[in-house]
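All remarks here apply to the structure that follows.
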Amino acid sequence: MLVTSWNILHAMPIPPSGSGNFSDAVKSLGCDVAGFQEVDHHLPRSGIEVQMQIAAQSLGAPYWAFAPSVIGTPGEVRRHLSNADQRIITNENSNSVGSYGIGIVSRIPVIKWERLELGRSLIGLPLLIPSEKGVRAIYVNDEERVALAAHLDNGWIIINTHLSFVPFVNLYQLQRVKRWAKKLSQNGKFKVLILGDLNLPKNFSGWNSLITQKSYPSWGAKVQFDYILSDALQQNDIEVVQNGFSGVSDHLPISVRINT
């Protein structure tokens, strides 16, 4: 099983005037399961596209799900989800509400999807944002964070998340995801992977990091923010698959092939 995690920056070409193609980049990954972060769903800035559907079609994957964290566009017009908003959008119940969040695409049959609310930091931070003139620092408010789980029919549970960029808040959220993973695994009955952009420059999880690869920024990676974590697998159970810069996103995708 080839597993990938990728923060796609809503499929933005890098540089913004570049010609990177999201569909081609996803197809080149050739993975069986992929967790994506910073995903757009029916938003004008990305052409009103359903990006998880595009990713699924590129991989020939029948199953996809999208978990919105905000309705609208981050940094522009947005709002928190209400009780009436759909929490998990899939290939079977897709809608056209413009939103932003995370997603999972799978070639392997998915038995069930689940979602965990992780909240947000009440403060923001200055972040480096790609622009036509290079990289600029702007103050960014934190958004609601979620985790999305796919129960696969091969006995694996894949949990995808994008944690807060605010220090200590992301550590608290990571502990919540780990507790959720233990609950979903039914004390080891099912095997679990936690993957995503954890916004942590070091693995503080206590789980095994299956890949050690600098993943940000994509044009000259200097730090690892992206992880694939396991509480059981060791390095000899997996094969690291290298992915090059595709001209899309400010993060590189990370991939591992699980041999057990």
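Everything in the sequence shown is counted per the numbering used here, starting at 57 for the first residue and increasing by one. Where is the CB? At the ideal position from N, CA and C, for every residue including glycine. Just so we're clear, the structure is a prediction, and the values are computed from it rather than from any experiment.
Contained beta strand (DSSP E) runs [length at least 3] in the segment 245-305, N- to C-terminal order = Runs found: 247-253, 282-286, 294-297.
Is the CB-CB distance between Ala111 and Ile144 below 8 Å?
-> In this structure, Ile144 does not lie closer than 8 Å to Ala111 by Cβ.
What are the start and end residues of the beta strand (DSSP E) that includes Ile310?
-> Note, Ile310: beta strand (DSSP E), 310-314.
So, are the CB atoms of Gly175 and Glu200 less than 8 Å apart?
-> It is a contact, given that the beta carbons lie within the stated cut-off.
Pick helix, strand or coil for Asn216, following the three-state DSSP scheme.
-> DSSP places Asn216 in strand when its eight states are reduced to three.
In the DSSP assignment, find the unbroken beta strand (DSSP E) run with Asp80 in it and report its ends.
-> Unbroken run through Asp80 is the alpha helix (DSSP H), 78-85; no beta strand (DSSP E).
Name the DSSP beta bridge partners of Ala205, please?
-> For Ala205, the pairing in a beta bridge is given by DSSP as Glu170, Ile215.
Look at the alpha carbon of Trp275 and the alpha carbon of Ile284, and state the distance between them as a whole number of angstroms.
-> The straight-line gap from Cα to Cα measures roughly 21 Å.
Identity of the residue in Gln242, Phe246, Phe78 nearest Gly211 by Cα | Ranked by Cα distance from Gly211, the first of Gln242, Phe246, Phe78 is Phe246.
DSSP three-state assignment for Asn210, whether helix, strand or coil = Shown here, Asn210 sits in coil according to DSSP, grouped into three states, outside any helix or strand.
How many Å lie between Ile167 and Thr316 at the Cα?
-> It is roughly 20 Å from the alpha-carbon of Ile167 to the alpha-carbon of Thr316.
Would you mind working out which of Val297, Tyr119, Arg192 sits nearest Ser84, comparing C-alpha positions?
-> Measuring C-alpha to C-alpha distances from Ser84 to each of Val297, Tyr119, Arg192 identifies Val297 as the nearest.
Following the continuous alpha helix (DSSP H) through Val222, name the residue where it begins and the one where it ends.
-> Judged by DSSP secondary structure, Val222 falls outside any alpha helix (DSSP H); it is assigned neither H nor E.
If you draw a straight line from the alpha carbon of Asn197 to that of Ser177, how long is it in whole angstroms?
-> Their Cα atoms are separated by approximately 8 Å.
What are the partner residues of Ala121, as DSSP defines its beta bridges?
-> Note: Ala121 sits in a beta bridge opposite Thr146, Ile160.
Round the Cβ separation of Asn216 and Leu251 to the nearest angstrom and send it over; I've been treating them as touching at under 8 Å.
-> Sure, about 6 Å apart at Cβ, within 8 Å.
Provide the residue span of the alpha helix (DSSP H) that contains Ser114, from first to last.
-> Start and end: 107-115.
Take Lys270 as the anchor and find which of His307, Thr60, Asp209, Trp169 has the nearest alpha-carbon.
-> Lys270 has its Cα closest to that of His307, out of His307, Thr60, Asp209, Trp169.
By how many angstroms is the C-alpha of Gln107 removed from the C-alpha of Asn147?
-> If I take the Cα positions, the gap works out to 12 Å.
Comparing alpha-carbon positions, which option in Leu230, Leu240, Gly128 lies nearest Ser155?
-> Ser155 has its Cα closest to that of Gly128, out of Leu230, Leu240, Gly128.
Where Gln3 falls: helix, strand or coil (DSSP) | An answer regarding residue 3 cannot be provided, because it is not within the stretch 57 to 316 covered by the chain.
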